[in-house]
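This report refers to the structure that appears directly beneath it.
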Amino acid sequence: MSQLETRLDTNSEAYRENVEFMTNYVEKVRVVERNIRASEERYRERAEKKGKLLPRERLSHLLDRGAPFLELSSIAGLGMNGDKEGETAGGNLIVGIGYVKGRRVLAMVWNYAIKGGTITSVTTRKNLRLQEIAFSTRLPLVCLSESGGGNLAGGGDPDPWGVHGFLDGGRVYCQQAELSAAGIPQITVAHGNATAGGAYQVALSDYVVLVRDQTHLFLAGPPLLKAATGEEADHETLGGAVMHATVSQTGEYFAESDADGIRVARDILDQFPPDAATNLVPDQPVEQPLYPAEELRGIVSEDKRIPYDMREVIARVFDGSRFFEFEPVNDPHTVCGHAHIGGWRCGIITNNGPITPQGAKKASQFLQLCDQTNTPMIFLQNTTGFLVGVEAEQAGQVKHGSKMIQAVANFRPIKLTIIVGNAYGAGNYAMCSKSLKPEFVFSWPTARQAVMGGAQAAGVMRVIAEDRAKLTGQEIPQEQRDMMEKQGAAIIESMEHSSEAMHCSSRMMDDGIIDPADTREVLIFTLETCLETTHRGTEPNTFGVARF
Amino acid sequence: MRKILIANRAEIACRVIDSVQAAGFDAIAVHSDADAQSRFVSMADASVAIGGQTPAESYLDIDKIINAAKAADADAIHPGYGFLSENADFAKACADNNIKFIGPSSDAINLMGNKASAKDLMIKAGVPCVPGYQGTAQDNAHLIKEAKKIGAPIMVKAAAGGGGRGMRLVTDLAELPDALDSARAESTSAFSSDELILEKAIVDGRHIELQIAGDSHGNVIHLGERDCSAQRRHQKVIEECPSPFVTPALRAKMGEAAVNAAKAVNYEGVGTVEFLVDEKENFYFLEMNTRLQVEHPVTELVTDTDLVDWQLRIASGEPLPCEQSDIHFDGHAIEVRIYAEDPLNNFMPQTGKIHYFEPYDNVGVRIDHGLHSGCQITPYYDAMLAKLICWGKDREEARRRLIRALTQTRILGLTTNKSFLVDLLEQQTFVKGDTTTGFINEQLLEQLRAKNTDELIAVNAALIAHHSSHSAGSSGGWSNTEPMFIRDTLLIGGREVSVTSLATDIGFEVLVDGNEHLVQITHCESGTLIYNYNGVAKEAVFYLSDEETSIDFGKDNLNAKIMTYAPAASADGSGSGQIHASTEGLVVKVLVAEGEKVTKDQPLVIVEAMKMEHRHLADGDGEVIQVAVETGNQVKNRQLMVELKLTEVEDESA
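Line by line, the protein sequences give chains A and B. Going by our numbering, the first sequence opens with residue 385, and the numbers climb by one from there. Going by our numbering, the second sequence opens with residue 712, and the numbers climb by one from there.
So this is what it looks like as structure tokens:
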């Protein structure tokens, strides 16, 4: 397989500017992540007084020392529910994929240090997304729980926990039951509060670890109880670890502290049959790319009108910078081909421009070929959309675009997507954004997802108004012109802002923003997670494991 | 003599075996069960397992040793030091069984074994003794009267004693009665003798001992002195030859006194006469050790002799290999004893496995040891691991070489006193040769204890983080978001320390006790670690497993148990104090009454159900505040039967 040659001039001014722009943007994401951690840190004194570990400390304790951890949706909820710079972002939940005792697991840690780990719509969406991954990967799910239940205060959101959220929460419990029945074990350590919904989350787990003097698991805590029935009772009597271990039997394992509870959770995982899926041997030996990953930060320009060759990205992500291009001389805008990553076979579809009818045909055919050989597909998304115009429409753009969407949607092998740059319009769908159900989708900081560009949208609005004026033969008054001008500017600003990677990621339109330099690592990690699934044995049953 | 049994273990057994084999004899080892895999056993030509673990079950059991000698057809026994080396009964048992005891006669051992009789004998022989009382009248009134004659300060000693036990320093005579009582009690329990002697205390004196040797032809010579003033709690820590304090004239005088002392008991063998020397060069007889001393190598290096070989010759009836005039002193030698003990934790003895041992080898360096990588240090015997002895043209060269040899001798698995020894050797008092018995005092210990080990702990944490990241795979430690820190709980010297390591581009940021350290690991392979701390690259050797780490930094060593995933000690398992019936049944016995104090697991009520008795136990220590059932009651499941008010336990998690 031939190796790609780079045309990237790492000594150029443009390259330096690109690196600076990208590095700054990555830093902006890191700042949000750090703000979340700083909020946790502010809780340290109180946590230590109670003898508790901070949520991140619990996570670190759970995971194998030094093993990789893929965090998902780290900045979800940014700017929502009263959040400003990320102080309360993250949905009060840390989720990701890591290793425990050498076994890949899904981890979910309630961030009780922020708003008491209460549940908002963001929390629920992160929880549901992790469950979705559990179904698709069959990985056991470990939950370190401590939540005050639904967020009744609501932050700045007028309806953060409306009735729609109530039903979404119910879906979490439904899926917990389904996971149990699917033979996917859930282990929960009840580190603290587990009230109402939080209590069901614990009790619907297959394994429950109680923590002395910390677990407080009940349908209604002392204040609600007093308000509802007038009965007075303390936390331990209502739902303490000793009570649940000896009287109600809502937990199977008993621990003395946070660390001890996590040790027990790790030991429970040790009782499962060895995971045959780990240590799979790749299709061929791993070959590092010819060019350093750091250079990935210097490819995309801040000015999104300046084009770049996606082969420069491929050369820095895939094994040996090797790319076996499919239909290399037909339609330069849609680029398809075979490659290896981490030793694994894969197909690549990427864009060097809009998707033309020819490009859509090429991509659809390539998808079918890869489906035939069960070859995972990696989408490197960078398109302003399907090409418009008389020529394109007459060439069957809608038909070919539909066919491509159909091919992507029904593609059976693994689909992974990296949104590198533009992801506009139906091209966003055709290049397998979240709507088309890739196993994982991550964004570069330069990613932009929107139905169309802000300027185009504003332009459309203006043209419609002008057309209407022309139809009635009236001049558009200056007043209205000024208003339209203002409205146009507002549309541009709003759409530009909402299409930004950080905004999209905060709304969970991806699984997170990654540093371009991490692209290869993320792809290998997620690809292997998915590939292992077919080798991962599970023992489904009908009703799930019940606690009697 | 043909075959010699060595009735000892560890380094001294190895040392003796070397000379025995060099002289052409066969060496027979005896070993306890605990020592079966020891180096001295493998060095010997044959060995006899005498069973047991403790000294009393093994190396102190005269019958077992004699039987072993017979079984192995040994015709002589070398006792080494300690154990049976100064046991007159053993020397006699050897004679009775026609086995040559390599050492003096049982009479000489007996005479010198009692401080009172030895002192009497020495006074008669004209050997200067510390003014004191060693009479038979032992009542307090008489002893106090004698004490007044001597004058304060006074040292009270057990007549049969040794090793600092039964010893009391009295600076004010008003404290004497108490000191007499406690010394007597200690002596009775340690030596089965309540006999005490009184001596004028020589405070801040020097402990200087003369090596002597006598043969069966009546020749006695001395091989100069050893200065053993550096002591901690009357235990020697550093020994050197010659003493920086002793002039040739004083050596001649002390040598003559030592020879006279030996002659007074017709001494046959090598032995040591210990003196206390004051600043005016007055010296006083302390005691005579009728055996090879631990610190004999310093004399060997300076006089170019092999004292064990001399012992063999003397035992064979040969005359001494040379005369007094042939003894020359060349250069200077210093010895330190490497112990498995934690100087920062009250010198707590350490036991466990030595994962790695690498003695340093260079000009002028001698190491006497019984170790090998993988050997076990058990709690049954002395915690001394090795003796390191260095020779130099002068004292300073010997000192320098010793410090280097200490730091370059690598021991992994146990905390050792290496850093303490290096600290002592670097003290100005020692450098100048001004060491007295008051050298290692509380003040110095306090100063040495105050050292900050955070750097070592930080490197240890970084090592764990680095190692686990690498063993976790090529993308080790990687995360797509802000990097993950690694958190561990380490048990170091009895103290639990939480450490957090964060991998950054410039190394590990390690938090120890809230302080940040930056450690960059540049090499970590095959037990060798190279790290950068504060801009300085340093080397260390390490051992690492899931349960523990051991790092030898040269001077310092750090051993940590990794407690991160250790099961928590149950918070004493105390429950609520409410004892409920575990089943429906009939109360057949109520064992406590209200107001009664109970201890955890004490039976309180017995309930019979399904033909079985169910004992209900106290779930903690406390007091019965209510008994809600009586015999004959039918109880329901979970019915409250007894209520206890549990005693508050101290919160250990704090």
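We put the CB at the ideal spot given by N, CA and C, even for glycine.
What residues from chain B crowd round residue 896/A, counting only those whose CB sits closer than 8 Å? To locate residue 896/A, count along the first sequence from 1; it is residue 512. 1191 and 1192, listed in chain order.
Relative to the alpha-carbon of residue 684/A, which residue among 662/A, 603/A, 664/A and 900/A has its alpha-carbon at the smallest distance? Residue mapping note: residue 684/A aligns to position 300 of the first sequence, counting from 1. The shortest Cα separation from residue 684/A among 662/A, 603/A, 664/A and 900/A belongs to 900/A.
Start and end residues, beta strand (DSSP E) containing residue 1244/B: The residue labelled residue 1244/B in the question sits at position 533 within the second sequence. Residues 1239 to 1244.
Per-residue DSSP class, three states only, for residue 459/A: Locating residue 459/A in the first sequence gives position 75, where the first residue counts as 1. Three-state result, residue 459/A: coil.
Mind reading off the beta-carbon distance from residue 386/A to residue 706/A? Whole number of angstroms is fine, and I expect it under 8 Å. Taking the first sequence and counting its residues from 1, one reaches residue 386/A at position 2. Taking the first sequence and counting its residues from 1, one reaches residue 706/A at position 322. Sure, about 7 Å apart at Cβ, within 8 Å.
Would the segment 781 to 790 of chain B count as touching the segment 811 to 825 of chain B if we require 3 or more Cβ pairs under 8 Å? yes
Would you kindly work out how many angstroms separate the C-alpha atoms of residue 721/B and residue 1260/B, rounded to a whole number? Within the second sequence, residue 721/B is the residue found at index 10, counting from 1. Within the second sequence, residue 1260/B is the residue found at index 549, counting from 1. Looking at the two C-alpha atoms, the distance is approximately 25 Å.
Since residue 729/B is in the alpha helix (DSSP H), which residue starts that stretch and which ends it? Sequence index remark: in the second sequence, residue 729/B carries index 18 (1-based). Element bounds for residue 729/B: 721 to 733.
Are residue 771/A and residue 802/A touching if we call contact CB-CB under 8 Å? Counting from one through the first sequence, the residue named residue 771/A turns up at place 387. Counting from one through the first sequence, the residue named residue 802/A turns up at place 418. Cβ distance not < 8 Å, so residue 771/A and residue 802/A don't count as in contact.
Just tell me which of 1356/B, 757/B and 1033/B has its CA closest to the CA of residue 931/B. Against the second sequence, residue 931/B aligns to sequence position 220. Taking only the C-alpha atoms, the option nearest residue 931/B is 1033/B.
Any C-beta of chain A sitting closer than 8 Å to the C-beta of residue 1219/B? Within the second sequence, numbered from 1, the residue matching residue 1219/B stands at position 508. With 8 Å as the cut-off, residue 1219/B does not count as an interface residue toward chain A.
Could you tell me whether the Cβ of residue 1278/B comes closer than 8 Å to any Cβ of chain A? Position 567 of the second sequence, counting from 1, holds the residue named residue 1278/B. Taking Cβ atoms only, chain A reaches closer than 8 Å to residue 1278/B, which makes this a yes.
Residue(s) in a DSSP beta bridge with residue 1212/B: Here the question's residue 1212/B lines up with position 501 in the second sequence. Residue 1212/B is bridged to 1197/B and 1221/B.
Extent of the continuous beta strand (DSSP E) run through residue 888/B: For the purposes of this step, residue 888/B is taken as the residue at position 177 of the second sequence. Per DSSP, residue 888/B belongs to no beta strand (DSSP E); it is in the alpha helix (DSSP H), 887 to 902.
Closer than 8 Å to chain B by CB, residue 389/A: Within the first sequence, residue 389/A is the residue found at index 5, counting from 1. With 8 Å as the cut-off, residue 389/A does not count as an interface residue toward chain B.
Under 7 Å Cβ to Cβ from residue 939/B, same chain only, skipping five residues before and after it: list those, please. One-based indexing of the second sequence puts residue 939/B at position 228. Cβ within range, chain order: 918, 920, 947, 950 and 1006.
Between the C-alpha atoms of residue 1224/B and residue 1128/B, what's the straight-line distance to the nearest angstrom? Residue numbering aside, residue 1224/B sits at position 513 when the second sequence is read from its first letter. Residue numbering aside, residue 1128/B sits at position 417 when the second sequence is read from its first letter. For residue 1224/B and residue 1128/B, the distance between alpha carbons rounds to 24 Å.
Return the residues of the segment 646 to 678 of chain A that lie within a Cβ-Cβ distance of less than 9 Å from chain B, sorted by chain order. 646, 647, 648, 650, 651 and 670
Using 10 angstroms around the beta-carbon of residue 902/A, count the other beta-carbons present and answer buried if the total reaches 16, otherwise exposed. On the first sequence, position 518 is the one that residue 902/A refers to. By the neighbour-count rule (16 or more Cβ atoms within 10 Å), residue 902/A is buried.
What is the DSSP secondary structure of residue 1178/B, counted as helix, strand or coil? As a first step, residue 1178/B must be located in the second sequence, where it is residue number 467. Residue 1178/B: helix per DSSP, three-state reduction.
Give the straight-line distance between the Cα atoms of residue 539/A and residue 423/A, rounded to the nearest whole angstrom. Along the first sequence, read from residue 1 onward, the residue named residue 539/A stands at position 155. Along the first sequence, read from residue 1 onward, the residue named residue 423/A stands at position 39. Residue confidence is low: residue 539/A scores 49 on pLDDT, short of 50, so the model does not pin down where it sits. Its coordinate-derived value is still stated next. Going from the Cα of residue 539/A to the Cα of residue 423/A covers about 15 Å.
Tell me whether residue 751/B sits in a helix, a strand or coil according to DSSP, three-state version. Here residue 751/B corresponds to residue number 40 of the second sequence, with the count starting at 1. Looking at residue 751/B - three-state DSSP - the assignment turns out to be helix.
If I follow the unbroken beta strand (DSSP E) through residue 1314/B, where does it start and stop? In the second sequence, counting from the first residue as 1, residue 1314/B sits at position 603. Residue 1314/B -> beta strand (DSSP E) spans 1314 to 1320.
Beta-carbon neighbours of residue 1196/B, restricted to chain A and to distances below 7 Å: On the second sequence, position 485 is the one that residue 1196/B refers to. The answer, in chain order, is 444.
Test: residue 454/A CB closer than 8 Å to a CB of chain B: The residue given as residue 454/A occupies position 70 in the first sequence. By this cut-off, residue 454/A is an interface position.
For residue 766/A, name the three-state secondary structure that DSSP assigns. Stepping through the first sequence from its first residue, residue 766/A is reached at position 382. Three-state DSSP puts residue 766/A in a strand.
Pull up the DSSP beta-bridge partners for residue 728/A, would you. Here residue 728/A is taken as the residue at index 344 of the first sequence, counted from 1. DSSP lists 725/A as partners of residue 728/A.
Could you check if residue 391/A is buried or exposed, using at least 16 other CB atoms within 10 Å of its CB as the buried criterion? Walking along the first sequence from the start, residue 391/A turns up at place 7. Around the C-beta of residue 391/A, fewer than 16 other C-beta atoms lie within 10 Å, and the residue is accordingly described as exposed.
At least 3 beta-carbon pairs within less than 8 Å: the segment 639 to 654 of chain A vs the segment 565 to 575 of chain A: yes
Between residue 1256/B and chain A, is any beta-carbon pair separated by less than 8 Å? One-based indexing of the second sequence puts residue 1256/B at position 545. Chain A contact via Cβ: absent.
Taking one C-beta from the segment 797 to 805 of chain B and one from the segment 817 to 835 of chain B each time, how about it: are there three or more such pairs within less than 8 Å? yes
Under the DSSP definition of a beta bridge, which residues are partnered with residue 739/B? Along the second sequence, read from residue 1 onward, the residue named residue 739/B stands at position 28. Beta-bridge pairing links residue 739/B to 716/B and 757/B.
For chain A, is any of its Cβ atoms less than 8 Å away from the one on residue 1286/B? By 1-based counting over the second sequence, the position of residue 1286/B is 575. Output row for residue 1286/B: interface = yes.
Near residue 666/A, what residues of its chain come up, given a Cβ to Cβ distance below 7 Å and the 5 sequence neighbours on each side ignored? Locating residue 666/A in the first sequence gives position 282, where the first residue counts as 1. Cβ neighbours of residue 666/A beyond the five flanking positions: 726, 727 and 728.
Keeping to the same chain, check which residues put their C-beta closer than 8 Å to that of residue 930/A; ignore five residues upstream and five downstream. As a working mapping, residue 930/A is identified with position 546 in the first sequence. Nothing meets the Cβ criterion.
For residue 1179/B, go through chain A and note every residue whose CB falls closer than 9 Å to its CB, in chain order. Taking the second sequence and counting its residues from 1, the one referred to as residue 1179/B is at position 468. In chain order: 448, 449, 450 and 451.
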